[in-house]
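Numbering follows this note's numbering, in which position 15 of the sequence shown is assigned residue number 15; successive positions increment by one, without gaps. Single-structure report; data block below.
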Amino acid sequence: MSSPRARLDELKLLVHPVVVGKGQRVFADGESFPLPLASSTQLANGTMHVVSTPETR
């Protein structure tokens, strides 16, 4: 199976401005790699739309 880096072109998230304590992990334990911020936009309700793309080697 290929590495997550090879399978990921872009990661888009909507980040809501709430604090809920302990959270659930988005990804299982595994390879760690940088995801530089490509863009971010704040929506009217305070939610952030963020886009990250993996660095190429």
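All C-beta atoms, glycine included, are put in the ideal place defined by N, C-alpha and C.
Span separating the alpha-carbon of Ser-9 from that of Val-51: According to the sequence provided, residue 9 is Asp. The question's Ser does not apply to it. Approximately 11 Å between the Cα atoms of the pair.
From this set, Leu-37, Lys-22, Gln-24, which residue's C-alpha is nearest Leu-11's C-alpha? The shortest C-alpha to C-alpha distance from Leu-11 to any of Leu-37, Lys-22, Gln-24 is the one to Leu-37.
Determine the extent of the beta strand (DSSP E) in which Ser-52 is found, giving its start and end residues. 48-52
Would you say Met-48 faces chain D, with C-beta separation under 9 Å as the test? Annotation note: the requested chain D is absent from the structure, which comprises a single protein chain.
Using only CA atoms, which one of Leu-43, Thr-53, Pro-54 lies nearest to Leu-14? Looking from the CA of Leu-14, the closest CA among Leu-43, Thr-53, Pro-54 belongs to Leu-43.
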